[in-house]
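> Here you go, one structure.
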Amino acid sequence: MTSPKGGAARGAIRDLRMGRATKKAPVRKGGKNPLRAGLRIDKVPDPHTVVLFGATGDLAHRKVVPAIYHLWAGGLMPEHFALVCFGRRELSDEQMRSDLRASLELHARTQPINEERWDAFAERISYVKGAFDDAASYARLADRLKEIDATGGTSGNRLYYLATPASSFPEIIRGLGAAGLDHETADSGWRRVVIEKPFGHDLDSAVRLNREVGKVFRESQVYRIDHYLGKETVRNILIFRFGNLIFEPLWSNVYIDHVQITVAESIGVESRGAFYEETGALRDILQNHLLQLLTLVAMEPPSTLDAEALRDEKVKILRAVKPLSAERISDSVVRGQYGPGWVGAQESAGYRSEATVDAASETETFVAARLEIDDWRWSGVPFYLRAGKRLPKRATEIAIQFKNVPQRLFNQVGDEPEPNLLVIRIQPDEGILLRFAAKVPGLGVDVRPVNMDFAYGSTFTVDSPDAYETLILDALLGDASLFTRADEVEAAWGIVDPIMDAWVNGSEPEFPNYAAGTWGPDAADQLLTREGRRWRRL
Ligand code: BG6
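Numbering (the numbering used here), first residue to last: 54 to 591.
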């Protein structure tokens, strides 16, 4: 285990903790910092403190802190930065740092850890023990933050990051509000809050949570995370659609037959059985990641890339999704749960045998839905969405299936061409593929589909940042375009709520109904085959 080394570092940590002024490192302007050479991001966030709630939890250790560390190590954070970890456990600053260091060794995107940057990072980490429902804990936190502002040059700017179970969100928001930690005045610095998913567990709870948040923070201070929006390939959807002239004229019901969006995972529920029992695939993936991908594919061009303009267009799409009546749900939505099977060469237990899962669980680990968007561009084009655990492989992609050519020209002489297909591969093997018809060389007229394939890996030689790096940096810069707005989350729940109601009020599902390592229940295939279509083989 490595801990911050060197007398100077220890001295600075001690001074920070004791509220003494430390010698400030000179603030470097963007272009001058050698770590920033070659970066096209010209803004470094203002000096600030990140307050991490749930700092001892899995998400903080796997995702949030590695992302902050990478931003720091990559020269994207200001010198005057502090990370205050808030948690229930009895921990010293030193223990918190060494726990985080151990996690970085497991989860940081680039290894080994840069010792020099880590030392400077570790100096900026401290721990506050507290309970989420205890006013005295917030008072202690407020004192610590004041002290850090006074000695660490963090200027009162604060990002509160809620990486806790969702059940704690309301009490943390209330606690911050009661302690006045949300207040932004002309000279207080900015105050922002990042809220992890799940944001509510149905429409009603999401509305209530938005109301609680709204009592304390203004909407412009709130950053709701859907980490899919931070993925490089997801961000590229807008560039692909609106940065190229040739696709947009084809992007409608005139040329597109249907759209398939798949989020397939080969993993099961791992150690998250208890969480998953409350959630299921519909809430865990469809309500957020899948619907977000749908909005990006279907939205109209926004007038600017400004957060409000962008989110206005996404909300319009969610509101235009045709509501599923109770009768249509059984035809349009399929749920499944995996039983025992094999994923590749690995034998897998069924979901009901996973740790902390009810042996008679009715939670779905697979969902597929057929949605329609009732607007001029998309009317009549089905969007087939599916997500599942313990499927044969990990693959997220969007497939845009174009219509057949209108005239059957070739059937006299050979095969009919297959319709064009455009596939946006989100992960892994990130890229974009366009399939079109070509003549096979030879004396006859043989038509075959061929692919034009763009692969990120071989085209760009740089590693993509992790989604969390992108999102945290954006929140620190005050750019909410990759975060979901209150009305957007509610509109997404509005689509999912009737499905949950129908399931609760309907008959018991016959689970398990697919073997681990297969592509879900047969009914998911029938959703397409009865309309003369089929899922793309991934
Ligand atoms: C999370 C879900 O939001 O996304 C998990 O809660 C899921 O169940 C994960 O495994 C998938 O994310 P990614 O980035 O691995 O596709």
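Ideal placement from N, C-alpha and C gives every residue a C-beta, glycine not left out.
Can you tell me whether His342 is helix, strand or coil according to DSSP?
Three-state DSSP puts His342 in a helix.
> How big is the Cα-Cα spacing for Arg197 and Thr523?
28 Å
> In whole angstroms, what is the alpha-carbon distance linking Glu400 and Gln390?
16 Å
> Looking at Thr449 and ligand 1, is the gap between the Cβ and the nearest heavy atom below 7 Å?
yes
> Got a sec: does ligand 1 put a non-hydrogen atom nearer than 7 Å to the Cβ of Gln345?
no
> Looking at the unbroken alpha helix (DSSP H) that takes in Arg211, where does it start and where does it end?
Unbroken run through Arg211 is the beta strand (DSSP E), 211 to 215; no alpha helix (DSSP H).
> Along the chain, where does the alpha helix (DSSP H) containing Pro223 start, and where does it finish?
222 to 231
> Pairing CB atoms from the stretch 539 to 547 with CB atoms from the stretch 253 to 265, are three or more of them under 8 Å?
yes
> In terms of residues, what are the limits of the alpha helix (DSSP H) holding Trp556?
539 to 558
> State the Cα-Cα distance for the pair Tyr521 and Thr537, rounded to the nearest angstrom.
15 Å
> Name the two residues that bound the continuous alpha helix (DSSP H) containing Tyr308.
From DSSP, Tyr308 is part of no alpha helix (DSSP H); its letter is neither H nor E.
> Leaving out the 5 sequence neighbours to the left and right, which residues in its chain are closer than 6 Å to Ala379 when beta-carbon positions are compared?
Ala555
> Does the contact criterion of 3 or more C-beta pairs under 8 Å hold for the stretch 330 to 346 versus the stretch 404 to 414?
yes
> According to the neighbour-count rule (16 or more other Cβ atoms, all chains shown, within 10 Å of its Cβ), is Pro574 buried or exposed?
buried
> With a threshold of 7 Å, establish whether the CB of Glu318 neighbours any heavy atom of ligand 1.
yes
> Which of the three DSSP states is assigned to His114 in this structure?
His114 falls in the helix class under three-state DSSP.
> Considering only their Cβ atoms, is the gap separating Leu215 from Ile201 smaller than 8 Å?
In this structure, Leu215 does not lie closer than 8 Å to Ile201 by Cβ.
> Please confirm whether any heavy atom of ligand 1 lies closer than 7 Å to the CB of His114.
no
> CB Val420 to CB Ala334, shorter than 8 Å?
yes
> Using 7 Å as the cut-off, classify the Cβ of Asp111 as near or not near the heavy atoms of ligand 1, replying yes or no.
Every heavy atom of ligand 1 is 7 Å or more from the Cβ of Asp111, so no.
> Closest to Arg141 by CA distance: which of Val181, Pro494, Gly433, Ile278 is it?
Residue Val181 holds the alpha-carbon nearest to the alpha-carbon of Arg141 among Val181, Pro494, Gly433, Ile278.
> Return the residue from the list Val515, Ala452, Phe463, Glu469 that minimises the CA-CA distance to Leu487.
Ala452
> Answer yes or no: do Ala490 and Val500 have a C-beta to C-beta separation smaller than 8 Å?
yes
> Quick check on this structure: which residue in Phe106, Glu483, Leu496 has the alpha carbon closest to the alpha carbon of Thr512?
Here the closest residue by C-alpha is Glu483.
> Return yes when at least one heavy atom of ligand 1 lies under 7 Å from the C-beta of Lys250, else no.
yes
> Do the CB positions of Ala317 and Arg447 come within less than 8 Å of each other?
yes
> Can you tell which of Gln345, Ser356, Ser385 has the C-alpha that lies nearest to the C-alpha of Lys367?
Gln345
> In the structure shown, what three-state DSSP assignment does Asp365 receive?
helix
> Going by DSSP, name the residue or residues bridged to His101.
Phe134
> Looking at ligand 1, does it come within less than 7 Å of His280, judged from the CB to the closest heavy atom?
yes
> Do Val269 and Leu229 have their C-beta atoms closer together than 8 Å?
yes
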